[in-house]
Each structure stands twice: as C-alpha cells, then as structure tokens.
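Here is the structure we will look at.
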Amino acid sequence: MQSRYNGKSIVEYYSEESPEATEFRRLYSKIRHLNPDRNMKNFLITSATVGEGKSTVAAFLAITISKYRDTNTLLIDCDLRRPKIHRLFQIEQERGMAEVLLERLPLQSCIKESPLKNLKIMTSGVVENSPAELLNSLRIKDVFAEIKFYFDTIVVDCAP
Numbered sequence: 003m004q005s006r007y008n009g010k011s012i013v014e015y016y017s018e019e020s021p022e023a024t025e026f027r028r029l030y031s032k033i034r035h036l037n038p039d040r041n042m043k044n045f046l047i048t049s050a051t052v053g054e055g056k057s058t059v060a061a062f063l064a065i066t067i068s069k070y071r072d073t074n075t076l077l078i079d080c081d082l083r084r085p086k087i088h089r090l091f092q093i094e095q096e097r098g099m100a101e102v103l104l105e106r107l108p109l110q111s112c113i114k115e116s117p118l119k120n121l122k123i124m125t126s127g128v129v130e131n132s133p134a135e136l137l138n139s140l141r142i143k144d145v146f147a148e149i150k151f152y153f154d155t156i157v158v159d160c161a162p
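Its first residue numbered 3, the sequence shown is counted upward by one per residue in this note's numbering.
Structure follows, in structure tokens:
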C-alpha cells in the first residue's frame, strides 16, 4: 500500500503551518460562516470525473476538522469502485462500508483508528457486487443514522 506522499501517510504529510492546511482551515471557516444558522456536521465530497483529487480533499478536510475544531470526526470512503482513503492513510481496506451494508460486520468493528485522536476512518471494504446496488440499499439510511449517533462530524468521499 504505497502512498503518493513519499511512503508517508497523508497525516504525516499534513503540517499545520503549510499553505494547504491554512487553505483547508479557511475553506472550513467559510463553509461554517456562510451557513451560520446550520450546524454543518456532514460533508459529502465528490467530483465530476476521476482523478480530480476528491479523496485528497476529503482526507485533508477531515484532518483539518478533527484538529482545528477538536471534534470526533469520521472519514468514510464511499467510493466503492475506486477507493483511495485506505491508501492515503496506509491502512487495510478490508472491514469497511461494504461489509456493514451487507450486514456481515457491525459498524463499530469497521471503524479504524488514525494517528489523530479525534479522527476515525471507515474504508470502503471489499466490494464483491455492484457498488450502486450497495449504496442504493435501504440499509444505508440506518447505517448513517448509527454513524451520526457516534460522531460529531462526518466527511464522506463519494464516487464521481
């Protein structure tokens, strides 16, 4: 599982003083200030096509929120066709969203630790069937309701 960050996890690459971190803090602040009446807790990141950097944006946003806001944050890889979050964080892909949606494993057993105290990760898991069928299942609503019970903020990396 080689990361594009010179063999480092994206967390090791992230520096709070870097221009990227500053811009992600600024982005998060703008989102919150543009919507002051809404307590923004859920973020879905997608793109028009493959290769635009949405997984990296989702990862940096989740890292920023967990550090900057000191909130219990979950980053979920729902791009079941081309999952990337496990590579960015250099963790195993197995035991993730696919297994939870198929009811093979309970939610809590599929949430992985990260090097940051307030950031947890749910990888895509191993998809054997159609990703579209899994994500369109009635179960997904129940899964997200359970996730919202445990986490203050949720960042979801979705397919283009």
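Using N, Cα and C, we set each Cβ at its ideal position, and we do this for glycine too.
At what residues does the beta strand (DSSP E) containing residue i begin and finish?
i: Thr-75; result: 75-80
i: Ile-123; result: 121-124
i: Leu-140; result: Leu-140 -> no beta strand (DSSP E), and no H or E assigned at all.
If we call anything under 8 angstroms between Cβ atoms a contact, is residue i one with residue j?
i: Gly-55; j: Asp-79; result: no
i: Lys-86; j: Ser-57; result: yes
i: Asn-120; j: Thr-75; result: yes
i: Arg-28; j: Val-52; result: no
i: Ala-183; j: Leu-90; result: Nothing about residue 183 can be read from this structure; the chain reaches only from 3 to 162.
i: Glu-22; j: Lys-69; result: no
i: Asp-159; j: Ile-12; result: no
i: Glu-96; j: Val-128; result: yes
i: Ile-93; j: Ile-123; result: yes
i: Val-157; j: Phe-26; result: no
i: Leu-136; j: Leu-103; result: yes
Around the Cβ of residue i, are there at least 16 other Cβ atoms within 10 angstroms (buried) or fewer (exposed)?
i: Asn-138; result: exposed
i: Ile-67; result: buried
i: Ala-147; result: exposed
i: Ser-116; result: buried
i: Pro-133; result: buried
i: Glu-101; result: buried
i: Leu-36; result: exposed
i: Ser-20; result: exposed
i: Tyr-152; result: exposed
i: Asp-72; result: exposed
Any idea which residues DSSP pairs residue i with across the strands?
i: Ile-156; result: Asn-44 and Leu-76
i: Glu-130; result: None, per the DSSP bridge assignment.
i: Lys-114; result: Ile-123
Quick check on the DSSP output: the alpha helix (DSSP H) that includes residue i runs from which residue to which?
i: Val-13; result: 12-15
i: Arg-34; result: 21-36
i: Val-59; result: 56-70
i: Val-102; result: 99-103
i: Leu-90; result: 87-91
CB of residue i to nearest heavy atom of the ligand SAM: below 7 angstroms?
i: Arg-141; result: The ligand SAM is not part of the structure shown, which contains no ligands of any sort.
Counting only beta-carbon atoms, is residue i nearer than 8 angstroms to chain D?
i: Val-52; result: Considering every chain present, this structure includes no chain D. It has just one protein chain.
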